[in-house]
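Residues in the first sequence are numbered from 1 upward in steps of one, following this note's numbering.
Glycine included, each C-beta is placed from N, C-alpha and C at the ideal position.
A quick write-up on the structure given underneath.
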Amino acid sequence: MYWSNAFIPTLKETPKDAEAISHKLMLRAGLVKMLTAGVYLYLPLGLKVLNNIENIIRDEMDRVGANEVYLSCLQPRDIWLKSGRDAQMQDVMIKFTDRKNRELCLGPTHEEVITELVKSYVNSYKQLPITLYQIQTKFRDETRPRFGLIRSCEFIMKDAYSFDKDKIGLEKNYKFMYEAYVNIFKRCGLDVKIIQADPGVMGGSVSHEFLVPAESGEDTVEGKPAIEIAHIFQLGIKYSQALGANFLDKDGKLNPIIMGCYGIGVSRLIAAIIEQNYDDKGIIWPREVAPYDILITAVNFQDDVIRNISQKVYSQLKDSGMNVLIDDRSLPAGVKFNDAELIGVPIIIVIGKKTIENNTIEIKIRSNGKKFDFNVGAQNTTSLLDKLRELKCI
RNA sequence: CGGGGAGUAGCGCAGCUUGGUAGCGCGUUUGGUUCGGGACCAAAAGGCCAUGAGUUCGAAUCUCAUCUCCCCGACCA
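See below:
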């Protein structure tokens, strides 16, 4: 992608509405835009990061045999009355009626819907276990949305649900999911603390919370504020019993399906990753979630030599499968360097004066600021790709 | 929902105490010089001063009400 064609509206100054560091950087780097309190629009860079996170999640879910589904945002109120959570959830639920006077809500969570779904297809122990998950928008009428994506009224969650015929099966699935979560957060570049938690309104017995220590956190671990990015629960039979999701066991007896549920705050993860990966210049994306693998900063793109080499390096990297952004804008070098550091692409390749003088391009590592010169002359037999591999940046 | 702060150009802000019809920096447009860390010169565009009702000859400025945003608390799968 050529930056001159890209929609990356970076800001020099921090909008005054932002307080949390992740919020400030998300606005300045042009990741998101606030529409109204607690409601955000994802701009191209933010969406790319979101998609990368989602794909890491899909990959790890697939590894533990979870099936992706896509349930609805719109839900009928009556399933909430049946589960008994209508009263408990009514403050956060966004409710309304349609023109036929049907009572609906925008789903704040999906235990009820998924239980109805599984109930309608599963009736034998032979169909169990099964695990389903979705990446879906949730709606909650928060009293005080805050800190950008950390607490918003419309947010993206990955919610998984396991269905088992016995407790041993549940424990096994719970363990798989727990390990999948550890992998997901590691790949997202996060340092996570896991604690035993109170199941609260979700019900069930065993529960763990995944917390990311950060200044803008609302929870606490070991005294330090932290952001809750995930919560998993061994639900048991709370929902299956309330909604009548039963199966016939080997002896022909009817039993409620044993459930677990596993949530990750996907949009909140973007904020959490930034909270743990930034410096005074901007964001430092961990490799797997970065919106681009490499940014080519062409200082003075109007210069023929610089432009030719920049375009050559660009197509070479693109052809080898790299996701590359090239800064071809006619702006002072300082602006381009600052933008490069602000948006946090892991590798910055600078092509400029030195390229003309010494036939070298500069490879800068965003995370540690280290710089390496690379000769682009015909006599150099090492490819740029090999050099990047040698530097362990791809 | 309680307490505090704030709404003036795209962004950041000044002006308000002591009313006289709006200004600065950045950004934007045009032309030129620049080109390795937010560069310079010249010209220009852009505002119902959040909204409504008062007070006054006259309101961004004073009064009252409303809306919105931010922070602290309460609440929070």
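Between the C-alpha atoms of Lys354 and Val299 there is a straight-line separation of about 10 angstroms.
Rounded to the nearest whole angstrom, the CA to CA distance from Asp164 to Pro346 is 43 angstroms.
For Asn67 and Ser162, the gap between their C-alpha atoms comes out near 10 angstroms.
Residue pairing of Lys158 in beta bridges, as defined by DSSP: Ile135 and Ile264.
For Ile363, DSSP records a beta bridge to Ile349 and Phe372. Residues Asn52, Ile56, Arg187, Cys188 and Gly189 of the same chain have their beta carbon placed closer than 8 angstroms to that of Glu288, with the five preceding and five following residues left out of the count. Counting only runs that start and end inside the stretch 234-310, the alpha helix (DSSP H) elements of at least 4 residues fall at 238-243 and 266-276. Ser22 carries a helical assignment under DSSP once its states are collapsed to helix, strand and coil. If you draw a straight line from the Cα of Gln316 to the Cα of Cys393, it comes to about 17 angstroms.
Less than 8 angstroms divides the Cβ of Thr115 from the Cβ of Ser240. In the same chain as Tyr262, and ignoring 5 residues on each side of it, the C-beta atoms closer than 6 angstroms to its own belong to Ala160, Met177 and Ile232, in chain order.
The residue from Lys100, Arg85 and Pro129 with its alpha-carbon nearest to that of Val113 is Arg85. The beta carbons of Ile309 and Ile351 sit about 6 angstroms from each other, so the pair counts as a contact at 8 angstroms. When secondary structure is reduced to three states using DSSP, Gln88 falls in the helix class.
Each residue's CA atom was taken as its position, placing Gly244 and Asn277 some 46 angstroms apart. Taking C-beta separations shorter than 6 angstroms and ignoring five residues to either side along the sequence, the partners of Pro213 in its chain run Lys224 and Ala226, following chain order. Using a Cβ-Cβ distance cut-off of 8 angstroms, the stretch 264-276 and the stretch 5-16 are not in contact, since fewer than three pairs of beta carbons, one from each stretch, lie closer than that value. Around Pro9, the same chain offers Gly30 as residues with beta carbons nearer than 6 angstroms, after the five sequence neighbours per side are excluded. Between the alpha carbons of Ser216 and Arg146 lies a gap of roughly 10 angstroms. In its chain, beyond the 5 residues on either side, Pro129 have a beta carbon closer than 6 angstroms to the beta carbon of Gly169. Pro108 counts as buried, since at least 16 other C-beta atoms from the protein chains shown sit within 10 angstroms of its C-beta. For Phe96, the enclosing beta strand (DSSP E) covers residues Ile94 to Thr97. Put simply, of Ala6, Met202 and Gln196 the residue whose alpha carbon is nearest the alpha carbon of Val221 is Gln196.
Ranked by Cα distance from Arg144, the options Thr137, Ile135, Glu154 and Leu132 are led by Glu154. Taking C-beta separations shorter than 7 angstroms and ignoring five residues to either side along the sequence, the partners of Gly203 in its chain run Leu235 and Lys238, following chain order.
For the set Ile296, Asn368 and Asp319, the Cα lying nearest the Cα of Ile283 is the one of Asn368. Distance from the CA of Glu390 to the CA of Phe372, rounded to the nearest whole angstrom, comes to 11 angstroms. Nearest to Leu325 by alpha-carbon distance, out of Arg268, Pro291 and Leu342, is Pro291.
Between Tyr133 and Met61, the gap from beta carbon to beta carbon is short of 8 angstroms. Just so you know, the alpha carbons of Met1 and Gln311 end up roughly 11 angstroms apart.
When DSSP states are grouped into helix, strand and coil, Met202 belongs to the helix group. Here Val92 is actually not in contact with Arg151; their C-beta atoms are around 12 angstroms apart, not less than 8 angstroms.
DSSP, reduced to helix, strand and coil, places Asp327 within a strand of the structure shown. The C-alpha of Phe96 is placed about 17 angstroms away from the C-alpha of Glu142. Inter-residue distance for Pro256 and Ile79 is about 17 angstroms (C-alpha atoms, whole angstroms).
Here Lys336 carries a helix assignment [DSSP, helix/strand/coil].
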